[in-house]
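Visitor: Numbering (my numbering), first residue to last: 71 to 233.
Right, dumping it as structure tokens:
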């Protein structure tokens with residue numbers, strides 16, 4: 071018997087075994103799904119989840135949510151002013167606030183319908199602005215809070231993490 075014939079027989083046996091095991095598992099799963107005790111546990115879990123969701127929404131303080139809205143829209147206005155100042159054709163057009171703890175904030179960027187005469191593309195702005203470039207000419211890493219981290223600091227952090 072050749073190697074290919076033995077491999078074919080082994081594959082057929084494996085397929086047969088897998089089909090049998092799959093049928094047995096499906097039968098066990100079907101029996102479990104039809105079990106009244108399982109159904110009752112699932113319904114109780116759904117009720118707890120629904121109650122937990124309602125409780126989480128009730129815990130959101132309207133004052134805190136209002137503060138998040140004010141801070142997010144203030145950031146939007148300041149960022150849009152900076153974008154106008156730089157001559158960008160883009161603006162933050164929409165804000166999404168996720169009512170989670172802590173709240174999440176997302177911004178949607180869109181292109182201005184009718185850009186000003188002096189408007190520039192993002193490529194033109196990047197080509198003329200050296201912001202984010204370290205003294206040695208390498209690009210620095212800047213976080214969203216404006217903190218600049220140079221490559222030496224990153225290397226030190228990487229070395230500390232390897233210990």
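Glycine included, C-beta positions come from ideal geometry on N, C-alpha and C.
Would you give the residue range spanned by the beta strand (DSSP E) that residue 155 belongs to?
Guide: Taken as a continuous stretch (DSSP letters only), residue 155 belongs to no beta strand (DSSP E), being part of the alpha helix (DSSP H) at 132-155.
Visitor: Could you check which residue in 133, 107, 146 has the C-alpha nearest to that of residue 169?
Guide: Closest by alpha carbon: 133.
Visitor: Taking all protein chains shown into account, do 16 or more other C-beta atoms lie within 10 angstroms of the C-beta of residue 174, making it buried, or fewer, making it exposed?
Guide: Its Cβ having fewer than 16 others within 10 Å, residue 174 is exposed.
Visitor: Using alpha carbons as the reference points, say which of 98, 137, 139, 196 lies closest to residue 157.
Guide: The shortest C-alpha separation from residue 157 is found at 196.
Visitor: Using the C-alpha atoms, what's the distance from residue 118 back to residue 147?
Guide: In a straight line, the C-alpha of residue 147 is about 41 Å away from that of residue 118.
Visitor: Using a threshold of 9 Å, state whether the C-beta atoms of residue 178 and residue 190 are closer than that.
Guide: It is not a contact, given that the beta carbons lie outside the stated cut-off.
Visitor: Which of helix, strand or coil does DSSP assign to residue 180?
Guide: It is a strand residue.
Visitor: Cα-Cα, which of 155, 172, 180 is closest to residue 165?
Guide: With distances taken between Cα atoms, residue 165 lies closest to 180.
Visitor: When you compare each of 193, 98, 172 to residue 129 by their alpha carbons, which one comes out closest?
Guide: Residue 129 has its Cα closest to that of 172, out of 193, 98, 172.
Visitor: Spatial neighbours of residue 150 within its chain, please: C-beta separation below 7 Å, excluding the five flanking residues on both sides.
Guide: The residues are 161, 162.
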